[in-house]
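As structure tokens, the structure follows; a few thoughts come after it.
In this note's numbering, the protein residues as written are 16 to 92.
Right, here's the structure in full:
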């Protein structure tokens, strides 16, 4: 697993890369994504997503204290 070059902001430990899991239809697994705007309810899907930017979220976890830090880096064009 890759490590973040910046130490943990809480204890100065080593930060390791990972991601958070979301469960979807049929209990399928997918990585968490960031979406622009405010949540809008949808009758069919729970939340409206059409027309919104979505970026996968990268999460780093401190190997010493367990602190989590999340990032949604700009997509590569």
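Ideal Cβ positions, reconstructed from N, Cα and C, are used throughout, including at glycine.
Note that the structure is a prediction, hence the values are computed from the model and not measured.
Per DSSP, the continuous beta strand (DSSP E) segment holding residue 69 begins and ends at 69-71.
Counted as a single uninterrupted DSSP element, the beta strand (DSSP E) harbouring residue 37 occupies residues 36-38. In the three-state scheme derived from DSSP, where H, G and I count as helix and E and B as strand, residue 66 is classed as coil.
Of the candidates 77, 76, 55, the residue whose Cα lies closest to the Cα of residue 67 is 55. From the listed residues 64, 86, 44, the smallest Cα separation to residue 53 is found for 64.
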